[in-house]
RNA sequence: GGGCGGUUAGCUCAGCGGUAGAGCACUACGUUGACAUCGUAGGGGUCACUGGUUCGAUCCCAGUACCGCCCA
């Protein structure tokens, strides 16, 4: 006997273990079956399960379980990525908290990395266990880690990364360059654009005078829209607005828009940077470029190519030198020679007297001694104060400014010109874009392809080097003169170098490691054994679908596409399903800092994994975000309870589970009907899942289980079960058990635990379940169970019961009253239905009698529909006014419908141009409504005559 | 500034050319041997606005307003 309700807490862990022990998560390996593979978007090894993961993996698990049941050879590839910065941060923090004297630097690179591995082995990857709590049926025996295996120097995951780097380098698609990157002063490494969060913060805009060289003057004229002069004055300066005064020291030019007439007189002249020792102030040219917006600030922009993204572009276009001002900690430089020496060299460069390489320019430290060693914000204060003291400050504006923050460190990112390794993403992007355009890879919903194109079409060189210790060390070695030797390993590099130099030469390996995403980009094939040509690779690459959220299109989809196509000659996935973001009840993004984050595991604890999973599925409509509330999860927990109790009822009534059934065996309309309904539901669910319409599949299940199976079928079979007809009982027991069996299968991908528990606990002693529900065949009925006759009959029964119930309720007939009802004017077929279903109709509508007659009882309330009428003998127990009100309301509605439809039919254009079946449908409606209206009208007259 | 999306019942959202739907909330009634984590019934909508296409528009097109998100 089943318990009163399902207890997720005690059942889930046990069931999951049994699946795992039985090897249910393993691919069948059956090469004759169609392969179906998904690679998990690998979560950070430091990660903890958040709502996004929970949704993402629930959807993957639904698909994977569905396809497994359909007999496919399924691999759901799990694993984690090594998360360079995040992991290094965790271990560094641990060292600090330990309170000893150990730190990353005191340990040194090798020992520190050992510590990271130890951490990874002991406490990393807790998210994996959290995924198991959700029910994720990943192929855990094949779990992968982007850093591979610590103890195996020939590790294939590392091998794959090395090979990709070396190959791309040899093909000219990886190069080393000095470019502006996002520098994180806290972690002292470059980070990706995508790890930078731009936020609006309160800031200042300082307006300064840059005096013209040699005391020159010009007439500055401002005009309004109509060309009227609004300001005209002589100036010996150009006004520059900046939010970052400390970077003035590295200015290489002042730029104005070529069409800006205000500054036309001074373009090509020089102006002075108004800071630093007066005798060594630098002069910089006033140039034109399209970048400055004449309507913003003064319209003149200072150009600091080494510390600003936009300025970098201007400087590149106009060959303006880019002077780096800060060190790795974003403090003003202390290296190099004196300011005086640097400034005089810079002047010479500016005057075109000498040329300098980028490295020579970079070596110049243009920070005056007074500012050296200051933090960038301290330097800013000083610079502002010094300029102000000089009388060259015009004004300070308070305003919101957009600043870049490191998403891990939370500090302001410093754009900085540094030497880094880059991938020519613009090259690799071409075939990756083409693959989507040609439909080889499809986005679902397809509008996300636009986002993909937009990014890919504007893709920047991908900076892949990171100044970290934890990660794949870049396989590049430098000779004493800086020559680069890229090779698979040190021996190979050494051989190259010795050849190059003609003698044994000492090499130093690049200190940097690769961006974590560099190795993640290989995930769809590296996890399957590449570069070996493994059986797994043949079977499971390309993968069937990648499931992810839109905010990760750039991280995942784009990079995997580029690498997959380049190295495998085939796209890494056929479909990319982009799911919703999980928002809180108010539609806000969940975040720790806002404090509105919900913990999926808490919800699992409270309501069970199934409830959370079903909630996600039902809310996962394409193209919409999900607002999650506890109430929703509770509601779907109730749904699982409902199903549980339906099974419990079946069990109590001796229903038989675990057997086959064929359409020919069924004689009772209600059994034929529920089988037909099940068939329709199964078709809808399958179709929806094939189209990634998780919400529609979940909806079909919810409706079938609650509104059809529980609300009607179980109610309808109660009279059978309590009756005397043993043949009918036997058929119904068999049908009911079978329908529930099939329902469990259909629901299993969504709520694996409760369905598996029911499967296990509803077995008969005589017919023990042979295997898990999880490995049963997916119900595929086609239209084998369709039965128009039974469906029509039961539709009539349901309709009749509903009408009687509604009328009783509206007229306030006591719920317990057993009233008499009769059916009048019915066709022979309907009469037969009425007799056949007398007992269930009586029971469900709470009738004392339900008879078929030709004579309408005198004092009865009429329920009319088309030809037939149901008369309820309740006139004596109700308020006639209530009945008149009911009739008036119904008649009013009917009259309105009839008038509207008649008008439509009177329109010649409608009759001529609308499809004939639509016209016919409308005609039939009018006929039926008119008949009904007539009957209601006569009933009303009669009623009036009584009272 | 560029791009994407949204606006349907009190709330959260489906639907997307042919009589407006669900869940929750609400109201009334109800413990009938599966389930009160429940049942039965009911109320509630000019489908943001303005034009257009069409026999017919919540649905397609154009524009307007407001609200999100992403990128600069």
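Residue numbers (the working numbering): 83 to 1029. The beta carbon of each residue, even a glycine, is placed where N, CA and C say it ideally should be.
* Using the beta-carbon count (16 or more within 10 Å), is residue 479 buried or exposed? -> For the purposes of this step, residue 479 is identified with residue 397 of the first chain, where counting begins at 1. Exposed, because fewer than 16 other Cβ atoms sit within 10 Å of the Cβ of residue 479.
* For residue 832, which three-state DSSP category applies? -> Stepping through the first chain from its first residue, residue 832 is reached at position 750. It is coil, neither helix nor strand.
* Asked: Anyone know if the C-beta pair for residue 902 and residue 929 falls short of 8 Å?
  -> Position 820 of the first chain, counting from 1, holds the residue named residue 902. Position 847 of the first chain, counting from 1, holds the residue named residue 929. Contact: yes.
* Between the stretch 145-158 and the stretch 196-209, do three or more beta carbon pairs fall short of 8 Å? -> no
* DSSP-derived helix/strand/coil call for residue 339 -> In the first chain, counting from the first residue as 1, residue 339 sits at position 257. Note: residue 339 maps to coil in three-state DSSP.
* To do: Spell out a yes or no on whether the stretch 364-373 and the stretch 393-407 are touching, meaning 3 or more CB-CB pairs, one atom from each, closer than 8 Å.
  => yes
* Note down, in chain order, each residue of its chain lying with its Cβ closer than 7 Å to the Cβ of residue 333, except the 5 sequence neighbours on either side. => What you label residue 333 is simply residue 251 of the first chain in a count that begins at 1. 355, 366, 384, 385, 386.
* Asked: Quick one: what's got a C-beta closer than 7 Å to residue 753's C-beta in the same chain, skipping five residues either side?
  -> Taking the first chain and counting its residues from 1, the one referred to as residue 753 is at position 671. So the list reads 813, 814, 817, once near-sequence residues are dropped.
* Asked: Would you call residue 630 buried or exposed, if buried means 16 or more other Cβ atoms sit within 10 Å of its Cβ?
  -> Position 548 of the first chain, counted from the first residue, corresponds to residue 630. That one is buried.
* Taking only the alpha-carbon atoms, compute the straight-line gap between residue 801 and residue 884 and give it to the nearest angstrom. => In the first chain, counting from the first residue as 1, residue 801 sits at position 719. In the first chain, counting from the first residue as 1, residue 884 sits at position 802. Going by the C-alpha atoms only, they are around 18 Å apart.
* Indicate whether residue 767 and residue 828 have their beta-carbon atoms separated by less than 8 Å. => Stepping through the first chain from its first residue, residue 767 is reached at position 685. Stepping through the first chain from its first residue, residue 828 is reached at position 746. Yes, these two residues count as a Cβ contact at 8 Å.
* Would you check if the stretch 605-625 and the stretch 647-660 touch, i.e. whether three or more CB-CB distances between them fall below 8 Å? => yes
* For residue 777, is the beta carbon positioned less than 7 Å from some heavy atom of the ligand SAM? -> In the structure on display, the ligand SAM does not appear, and there are no ligands present to speak of.
* Asked: Are the beta-carbon atoms of residue 390 and residue 497 separated by less than 8 Å?
  -> Against the first chain, residue 390 aligns to sequence position 308. Against the first chain, residue 497 aligns to sequence position 415. In this structure, residue 497 lies closer than 8 Å to residue 390 by Cβ.
* **Contained beta strand (DSSP E) runs [length at least 3] in the stretch 573-656, N- to C-terminal order** => 625-631
* Starting from the C-beta of residue 232, find all residues in its chain whose C-beta is less than 7 Å away, skip the five residues before and the five after it, and write them out in chain order. => Translated into positions along the first chain, residue 232 becomes position 150. Excluding residues within five positions, the ones whose Cβ falls inside 7 Å are 199.
* Simplified DSSP state of residue 665, which is helix, strand or coil -> Indexing the first chain from 1 puts residue 665 at position 583. Correct three-state label for residue 665: strand.
* **Cβ-based burial, residue 436 [other Cβ within 10 Å; buried from 16]** => Within the first chain, numbered from 1, the residue matching residue 436 stands at position 354. The residue in question, residue 436, is exposed, as its Cβ has fewer than 16 Cβ neighbours within 10 Å.
* To do: Compute the Euclidean distance between the alpha carbons of residue 413 and residue 716, then round it to the nearest angstrom.
  => The residue given as residue 413 occupies position 331 in the first chain. The residue given as residue 716 occupies position 634 in the first chain. Rounded to the nearest angstrom, the two C-alpha atoms are 54 Å apart.
* By a C-beta neighbour count over all protein chains shown, 10 Å radius and 16 as the cutoff for buried, is residue 582 buried or exposed? -> Taking the first chain and counting its residues from 1, one reaches residue 582 at position 500. Exposed, since its Cβ has fewer than 16 Cβ neighbours within 10 Å.
* To do: Starting from residue 474, follow the beta strand (DSSP E) in both directions and report where the run begins and ends.
  => Numbered from 1 along the first chain, position 392 holds the residue referred to as residue 474. Note, residue 474: premise wrong, no beta strand (DSSP E); not H, not E.
* **Extent of the continuous alpha helix (DSSP H) to which residue 329 belongs** => Mapped onto the first chain, residue 329 falls at position 247. Neither: residue 329 is in no alpha helix (DSSP H) and is coded neither H nor E.
* Determine the burial state of residue 130: buried for a count of at least 16 other Cβ atoms within 10 Å of its Cβ, exposed for fewer. => Along the first chain, one-based indexing puts residue 130 at 48. It is exposed - the Cβ of residue 130 has fewer than 16 other Cβ atoms within 10 Å.
* To do: Return the chain-ordered ranges of every beta strand (DSSP E) run that is complete within the stretch 466-529 and spans a minimum of 3 residues.
  => 475-488, 496-505, 524-526
* Asked: How would you call residue 950, buried or exposed, if buried means at least 16 neighbouring beta carbons within 10 angstroms?
  -> Here residue 950 corresponds to residue number 868 of the first chain, with the count starting at 1. It counts as buried.
* Asked: For residue 945 versus residue 889, is the C-beta distance shorter than 8 Å?
  -> For the purposes of this step, residue 945 is identified with residue 863 of the first chain, where counting begins at 1. For the purposes of this step, residue 889 is identified with residue 807 of the first chain, where counting begins at 1. Cβ atoms of residue 945 and residue 889: closer than 8 Å.
* State the DSSP-derived secondary structure class of residue 717, mapped to helix, strand or coil. => Residue 717 sits at position 635 when you count from the first residue of the first chain. Correct three-state label for residue 717: helix.
* Asked: What is the DSSP secondary structure of residue 960, reduced to helix, strand or coil?
  -> The residue you call residue 960 lines up with position 878 of the first chain. If DSSP states are grouped into helix, strand and coil, residue 960 belongs with coil.
* Asked: For the beta strand (DSSP E) that residue 285 lies in, which residues bound it at each end?
  -> As a working mapping, residue 285 is identified with position 203 in the first chain. Here the beta strand (DSSP E) through residue 285 covers 278-293.
* Who are the near neighbours of residue 1036 in its chain, counting only those whose CB is closer than 7 Å to its CB and skipping five residues on each side? -> Because the chain spans 83 through 1029 in this model, residue 1036 falls outside it and cannot be assessed.
* **Spatial neighbours of residue 576 in its chain, beta-carbon cut-off 7 Å, leaving aside the 5 residues before and after** => One-based indexing of the first chain puts residue 576 at position 494. Excluding residues within five positions, the ones whose Cβ falls inside 7 Å are 589.
* When you compare each of 970, 933, 587, 898 to residue 952 by their alpha carbons, which one comes out closest? -> Translated into the one-based positions of the first chain, residue 952 becomes position 870. Looking at the Cα atoms, 933 is the closest of the given residues.
* By the 10 Å Cβ neighbour count, where 16 or more other Cβ atoms means buried, how is residue 893 classified, buried or exposed? -> Here the question's residue 893 lines up with position 811 in the first chain. The residue is buried, with at least 16 neighbouring Cβ atoms inside 10 Å.
* Taking the beta strand (DSSP E) that residue 261 falls in, what are its first and last residues? -> Against the first chain, residue 261 aligns to sequence position 179. Here the beta strand (DSSP E) through residue 261 covers 256-266.
* Compare the Cα-Cα distances from residue 943 to each of 936, 620, 960, 931 and report the closest residue. => Start at 1 with the first residue of the first chain, and residue 943 comes out as number 861. It is 960 whose Cα lies nearest to the Cα of residue 943.
* Own chain residues within Cβ distance below 7 Å of residue 168, not counting five before or after -> Residue mapping note: residue 168 aligns to position 86 of the first chain, counting from 1. Result list for residue 168: 126, 128, 490, in chain order.
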